[in-house]
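**Q** Could you have a look at this structure, given as structure tokens, before my questions?
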Amino acid sequence: MKTWIVLMAALVAPVAFAQQQAGKPVAAPAAAEQGQGADAMFAAWDANHDGSISKDEFRAGFVQVRDALTVQRLHAEFERRDANHDGKLQASEYAQMMLVQRAGKNAPPMSAFDKDKNQSLDFPEYLDALKTLAKSQPATAAPKK
């Protein structure tokens, strides 16, 4: 049980980060509350509330955590790209994105993703741009053995 609590507590932080990035306020749990956070996560993963987590429930919960970790990593990359640290990507910062550079002249202009027309991309707009740009990239060949 102790291993489960440690694992769950370690997984709570990325989920909370992703919720925060999505605009949902999340208070960081105190050390004493981490066990409660793990219990809450266990309850959330236990979809049928039978007191145990099936393989399917674990997979579904893991996917949520994986997605939260992906958002966390993408946000770190967004911050790295944001050279002037204003919380937005300007056209010059957008142009430096690897997916934009790979697409070359076929890359959509930044304005295609600038939903609020403020001449920059905030994080949700950046995520939309990544999704679109990634779909337009050619599949890479598997490495030869």
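As numbered in mature numbering (1 follows the signal peptide of the UniProt record, and there is no 0), residues -18 to -1, 1 to 127 make up the sequence shown, in order.
Cβ atoms here follow ideal geometry from the backbone N, Cα and C, with glycine treated the same way.
The structure displayed is predicted, hence computed values, not measured ones.
#1: What are the boundary residues of the alpha helix (DSSP H) that M79 is part of?
#2: From F105 to R48, what distance separates their C-alpha atoms?
#3: Less than 6 Å between C-beta atoms, sequence neighbours within five positions excluded: which residues of the same chain meet that for G29?
#4: By DSSP's criteria, L71 is part of a beta bridge. Which residues make up the other side?
#5: Does the distance from the C-beta atom of L115 to that of L71 stay below 8 Å?
#6: Starting from the Cα of residue 138, find the closest Cα among E61, N88, Q83 and give me that residue.
#7: Within 10 Å of its beta-carbon, does D68 have 16 or more other beta-carbons around it, so buried, or fewer, so exposed?
#8: With a Cβ-Cβ cutoff of 8 Å, do S34 and A85 count as a contact?
#9: DSSP state of Q54, grouped into three classes?
#10: In angstroms with no decimal places, state the Cα-to-Cα distance between K99 and H57.
#11: What residues in its chain sit with their C-beta under 7 Å from that of E75, if we drop five residues either side in the sequence?
**A** In short, the structure shows the following:
#1: Stepping through the sequence shown from its first residue, residue 79 is reached at position 97. Careful: M79 lies outside any alpha helix (DSSP H) and carries neither H nor E.
#2: Locating residue 105 in the sequence shown gives position 123, where the first residue counts as 1. Locating residue 48 in the sequence shown gives position 66, where the first residue counts as 1. Those two C-alpha atoms are separated by around 19 Å.
#3: Numbered from its first residue, the sequence shown carries residue 29 at position 47. In the sequence as presented, Gly is not what sits at residue 29; that position holds Ala. Here the set comprises E39.
#4: Along the sequence shown, one-based indexing puts residue 71 at 89. Note: L71 sits in a beta bridge opposite L103.
#5: Numbered from its first residue, the sequence shown carries residue 115 at position 133. Numbered from its first residue, the sequence shown carries residue 71 at position 89. It is not a contact, given that the beta carbons lie outside the stated cut-off.
#6: Since the first residue of the chain shown is -18 and the last is 127, residue 138 is not available in this structure.
#7: Stepping through the sequence shown from its first residue, residue 68 is reached at position 86. D68 comes out exposed.
#8: Taking the first residue of the sequence shown as position 1, residue 34 is located at position 52. Taking the first residue of the sequence shown as position 1, residue 85 is located at position 103. Contact: no.
#9: Against the sequence shown, residue 54 aligns to sequence position 72. If DSSP states are grouped into helix, strand and coil, Q54 belongs with the helices.
#10: The count along the sequence shown starts at 1 and reaches residue 99 at position 117. The count along the sequence shown starts at 1 and reaches residue 57 at position 75. Roughly 21 Å separates the two Cα atoms.
#11: As a working note, residue 75 is residue 93 in the sequence shown. Correct list, in chain order: R63, D64, A65.
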